[in-house]
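Number of protein chains: 2
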Amino acid sequence: MNILLDLSFDGTRYCGFQVQKNGLSVCQALQDGLEQLLGTRPDVKGCSRTDAGVHAGHYALNFWADTRIPMEKFPLALNQKLPADIRVNWAKIVPDDFHARYAAHAKTYHYHIWNSQVDSPFNASYHHKLPGLLDVDAMNQAAQLLVGTFDFTSFCSAGCEVAMRGNTVRTITQCSVTADGPHVVISVTADGYLYNMVRILAGTLVQVGQHRIQPQDVIGILEQKNRGCAGPTLPAQGLFLARVDYPQDL
Amino acid sequence: MNILLDLSFDGTRYCGFQVQKNGLSVCQALQDGLEQLLGTRPDVKGCSRTDAGVHAGHYALNFWADTRIPMEKFPLALNQKLPADIRVNWAKIVPDDFHARYAAHAKTYHYHIWNSQVDSPFNASYHHKLPGLLDVDAMNQAAQLLVGTFDFTSFCSAGCEVAMRGNTVRTITQCSVTADGPHVVISVTADGYLYNMVRILAGTLVQVGQHRIQPQDVIGILEQKNRGCAGPTLPAQGLFLARVDYPQDL
Numbered sequence: 001m002n003i004l005l006d007l008s009f010d011g012t013r014y015c016g017f018q019v020q021k022n023g024l025s026v027c028q029a030l031q032d033g034l035e036q037l038l039g040t041r042p043d044v045k046g047c048s049r050t051d052a053g054v055h056a057g058h059y060a061l062n063f064w065a066d067t068r069i070p071m072e073k074f075p076l077a078l079n080q081k082l083p084a085d086i087r088v089n090w091a092k093i094v095p096d097d098f099h100a101r102y103a104a105h106a107k108t109y110h111y112h113i114w115n116s117q118v119d120s121p122f123n124a125s126y127h128h129k130l131p132g133l134l135d136v137d138a139m140n141q142a143a144q145l146l147v148g149t150f151d152f153t154s155f156c157s158a159g160c161e162v163a164m165r166g167n168t169v170r171t172i173t174q175c176s177v178t179a180d181g182p183h184v185v186i187s188v189t190a191d192g193y194l195y196n197m198v199r200i201l202a203g204t205l206v207q208v209g210q211h212r213i214q215p216q217d218v219i220g221i222l223e224q225k226n227r228g229c230a231g232p233t234l235p236a237q238g239l240f241l242a243r244v245d246y247p248q249d250l
Numbered sequence: 001m002n003i004l005l006d007l008s009f010d011g012t013r014y015c016g017f018q019v020q021k022n023g024l025s026v027c028q029a030l031q032d033g034l035e036q037l038l039g040t041r042p043d044v045k046g047c048s049r050t051d052a053g054v055h056a057g058h059y060a061l062n063f064w065a066d067t068r069i070p071m072e073k074f075p076l077a078l079n080q081k082l083p084a085d086i087r088v089n090w091a092k093i094v095p096d097d098f099h100a101r102y103a104a105h106a107k108t109y110h111y112h113i114w115n116s117q118v119d120s121p122f123n124a125s126y127h128h129k130l131p132g133l134l135d136v137d138a139m140n141q142a143a144q145l146l147v148g149t150f151d152f153t154s155f156c157s158a159g160c161e162v163a164m165r166g167n168t169v170r171t172i173t174q175c176s177v178t179a180d181g182p183h184v185v186i187s188v189t190a191d192g193y194l195y196n197m198v199r200i201l202a203g204t205l206v207q208v209g210q211h212r213i214q215p216q217d218v219i220g221i222l223e224q225k226n227r228g229c230a231g232p233t234l235p236a237q238g239l240f241l242a243r244v245d246y247p248q249d250l
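In the order they appear, the protein sequences are chains B and Z. Counting from 1, position 152 in the first sequence corresponds to residue 152 in full-length UniProt numbering; the numbering is continuous, with no gaps. Counting from 1, position 170 in the second sequence corresponds to residue 170 in full-length UniProt numbering; the numbering is continuous, with no gaps.
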């Protein structure tokens, strides 16, 4: 049967979701757990690659396996075999042709910034620290201009395989910046992402918040199709995959 | 001059605020930083002892020192000398007779519970995990019954020096239980606390939330003046000192 899992993980000590030659991946840790539980090591299809150090509130993946464990008991059983920084929230049997990556029609990422002269002693691995006060309203104005279907080449790190093949058009359906005291969150929902896209978008919105560029400048940055025009790639630890959307009839 | 500091700290690796023979205290780490900054090691008056592993969103303390550093620059200067898990939020010159403990007329603590079958992979050192679903409404009913002036002997750990001296009456001005998804927070404001009082209150409210006792049973527990009647002392890591109140004219 084809099983869909919803995971949360703290990505701090992982090289990302995808199996890599150097470094422990979330996928590998999960496969180790599945192998202990099921006696076989299934191939796992993740909803996206995530960078080293990126976290997930909800990450979706699927795999094929035969098991008599009822799906409502599967999370508890598998969690006993997983490290504490990876947790399965729920499990579900899905149609045979379901693929966690190809079936996803939207993914939402949150980028967390601690915006205060004084660092927080808490959660150092869950946000990016920026002491200078950000203009959140200006960031939000810029965020609204990024909603739509655009060529996001300017927001894609060099070496991006997809860019080489020219598939650099994506649709952002929601982009917003909110502040709760010093805690600033950039939220983006899109049908897909280029390599480092959210971290570069966040770095560019931060430049708007620092008044180094104007909100409307993001339009020009998009039009340039040149990575050099956009802001810096912010560090991985502030980034969370917050949500993956699948068709409702799933 | 008499200087008041507002601190946040992650208490995980400390034996509490107070200097202890065995183990590193927050006070000691702070005094080390002050000594590096000022060249003298001031005596520090904390607003309360905190247990090992307890955190603080806002902890108040005062000390006497001569310094030319303006108070608005003092936090930045001192933070450079402190470990990253202790941060000074602000500094202020206060009247000569101010004492952080005696001047405080109320302190608010929050106890954080992660109430889900599935643990969170995040923030393991900032909450207590309880898998069985808690009845938050019942907990809240019980919490309301604890608002008032009572003898809290039943909510004081054995060996409490204050209890020996009979000063076991305290006034709780606010007590509530709220849930945001699996994140349950018990909030208590009182003029003072007995040893382990919040952790025992939280343990007793959890028993109400588990339907092991009824909300109105907390009245009987207070009347018994017997530690054995109340619930267990919950672990330190879920506890935060959230706020210390001083007279407004300060």
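From the three backbone atoms N, C-alpha and C, an ideal C-beta is built for every residue, glycine too. In this text the structure is predicted, and so the values were computed from the model without any measurement.
Asked                                                                                                                              : Found
Under the three-state DSSP convention, the category THR171 of chain Z falls into                                                   : strand
Contact with chain B by HIS55 of chain Z, beta-carbon distance below 9 Å                                                           : yes
Which listed residue (Z:HIS110, Z:TYR59, Z:THR67) has its alpha carbon closest to that of ASN89 of chain Z                         : Z:TYR59
Partners in chain Z for ILE86 of chain B, counting only beta-carbon separations shorter than 9 Å                                   : PRO121
Cβ contact (3+ pairs, closer than 8 Å) linking the stretch 3-18 of chain Z and the stretch 182-200 of chain B                      : no
8 Å Cβ shell around HIS183 of chain B - same chain, five flanking residues per side excluded                                       : HIS112, ILE113, TRP114, ASN115, HIS127
ASN79 of chain B in three-state terms, based on DSSP                                                                               : helix
Close-in-space but distant-in-sequence residues of the same chain around HIS99 of chain B (CB under 8 Å, 5 per side omitted)       : LYS45, ASN62
Three-state class that DSSP yields for MET179 of chain B in the structure shown                                                    : For the record, residue 179 of chain B in the displayed sequence is Ala; it is not Met. Note: ALA179 of chain B maps to strand in three-state DSSP.
Contacting positions in the stretch 110-141 of chain Z - beta carbon closer than 8 Å to chain B                                    : GLN117, VAL118, ASP119, SER120, PRO121, PHE122, ASN123, ALA124, TYR126
Rounded separation between CYS156 of chain B and ALA56 of chain Z - CA only                                                        : 40 Å
Distance, GLN28 of chain Z Cα to ALA143 of chain Z Cα                                                                              : 35 Å
CB of residue 265 of chain Z within 9 Å of CB of ALA202 of chain B, strictly                                                       : Since the first and last residues shown for chain Z are 1 and 250, residue 265 of chain Z lies out of range.
Neighbourhood of LEU145 of chain Z by C-beta distance below 7 Å, restricted to the same chain and skipping five residues each side : PRO215, GLN216, VAL218, ILE219
Cutoff 6 Å; reference VAL54 of chain B; Cβ partners in own chain excluding five residues on either side                            : GLY11, ALA236, LEU239
Residues near GLY132 of chain B in its chain [Cβ-Cβ closer than 7 Å; skip 5 each side]                                             : GLN210
Within-9 Å CB hit, ASP180 of chain Z to chain B                                                                                    : no
9 Å Cβ cutoff met for ILE172 of chain Z and VAL147 of chain Z                                                                      : yes
9 Å Cβ cutoff, PHE74 of chain Z in contact with chain B                                                                            : no
Helix, strand or coil at THR189 of chain B [DSSP, three-state]                                                                     : strand
Per-residue contacts from PHE9 of chain B into chain Z (C-beta, under 7 Å)                                                         : PRO121
Beta-carbon gap between ASP249 of chain Z and ALA104 of chain Z smaller than 9 Å                                                   : no
Start and end residues, beta strand (DSSP E) containing GLY148 of chain Z                                                          : 148-151
GLY16 of chain B versus B:PHE150, B:ASN196, B:GLY228, residue with shortest Cα-Cα distance                                         : B:ASN196
Of the listed residues Z:GLY231, Z:GLY23, Z:ALA77, nearest to ILE213 of chain Z (C-alpha basis)                                    : Z:GLY231
Separation of SER48 of chain B from SER154 of chain B, as counted between CA atoms                                                 : 21 Å
LYS225 of chain Z versus ARG199 of chain Z - alpha carbon distance                                                                 : 17 Å
Spatial neighbours of LEU37 of chain Z in its chain, beta-carbon cut-off 7 Å, leaving aside the 5 residues before and after        : ALA77, LEU78, LYS81
Rounded distance between the beta-carbons of TYR109 of chain B and LEU241 of chain B, thought under 8 Å                            : 6 Å
Below-9 Å beta-carbon distance, ASN2 of chain Z vs any chain B residue                                                             : no
Cutoff 9 Å: ASN167 of chain Z Cβ touching any chain B Cβ                                                                           : no
Same chain only: Cβ atoms within 6 Å of LEU234 of chain B, ignoring 5 sequence neighbours per side                                 : HIS128, ARG199, ALA202, GLY203
Candidates B:VAL118, B:VAL136, B:THR168: closest to ASP151 of chain B by CA position                                               : B:THR168
Coil, strand or helix - residue 253 of chain Z by DSSP                                                                             : Here chain Z comprises residues numbered 1 to 250, so residue 253 of chain Z is not present and cannot be evaluated.
Status (buried if at least 16 other CB within 10 Å, exposed otherwise) for GLY33 of chain B                                        : buried
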